[in-house]
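Have a look at the structure below before the remarks.
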Amino acid sequence: MLRWVILVLLLLLVALQYRLWFGEGGMRQVWQLERDVAEQQEENRRLAERNALLATEVEDLKAGQEAVEERARVELGMTKPGEIYYQVVEPPRPETAPATDQQRP
Numbered sequence: 009m010l011r012w013v014i015l016v017l018l019l020l021l022v023a024l025q026y027r028l029w030f031g032e033g034g035m036r037q038v039w040q041l042e043r044d045v046a047e048q049q050e051e052n053r054r055l056a057e058r059n060a061l062l063a064t065e066v067e068d069l070k071a072g073q074e075a076v077e078e079r080a081r082v083e084l085g086m087t088k089p090g091e092i093y094y095q096v097v098e099p100p101r102p103e104t105a106p107a108t109d110q111q112r113p
């Protein structure tokens, strides 16, 4: 009789442990959710940094003409009246041909 009670209690313990580790809301799901939260926090941090940079850029554009002028020059290639724009172009590098048996003396 005592063996049957021990066996039943052991089976009950195994069933409860299974639900704890593998069932819905179990430890595997908790670990997965913790990983998801960590990934989301990292993405939120990156986006907050990006937002701060964009906010700084917006303030620069609102505050003065220097930032607007710089963007017009760099992104649109604009110049002021009377300015002369010089573009320095480097000559292309000659490609070196691989050595072959025919070129050897």
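Residues 9 to 113, numbered by the working numbering, are exactly what the sequence shown covers, in order.
Glycine is no exception: its CB is placed at the ideal position from the N, C-alpha and C atoms.
As the structure is a computational prediction, the values presented were derived from the model and not from experiment.
Distance, residue j Cα to residue i Cα
{"i": "L18", "j": "Q48", "result": "40 Å"}
{"i": "A63", "j": "E74", "result": "17 Å"}
{"i": "N59", "j": "R79", "result": "19 Å"}
{"i": "W29", "j": "K70", "result": "56 Å"}
{"i": "R43", "j": "L10", "result": "45 Å"}
{"i": "I92", "j": "L55", "result": "40 Å"}
{"i": "L84", "j": "M35", "result": "56 Å"}
{"i": "E77", "j": "E57", "result": "25 Å"}
{"i": "T87", "j": "P102", "result": "34 Å"}
{"i": "V45", "j": "E51", "result": "10 Å"}
Residue i: first and last residue of the uninterrupted alpha helix (DSSP H) it sits in
{"i": "R101", "result": "R101 -> no alpha helix (DSSP H), and no H or E assigned at all."}
{"i": "I14", "result": "10-30"}
#### Entry: Complete runs of the alpha helix (DSSP H) confined to the stretch 35-89 [at least 4 residues]
35-71, 73-84
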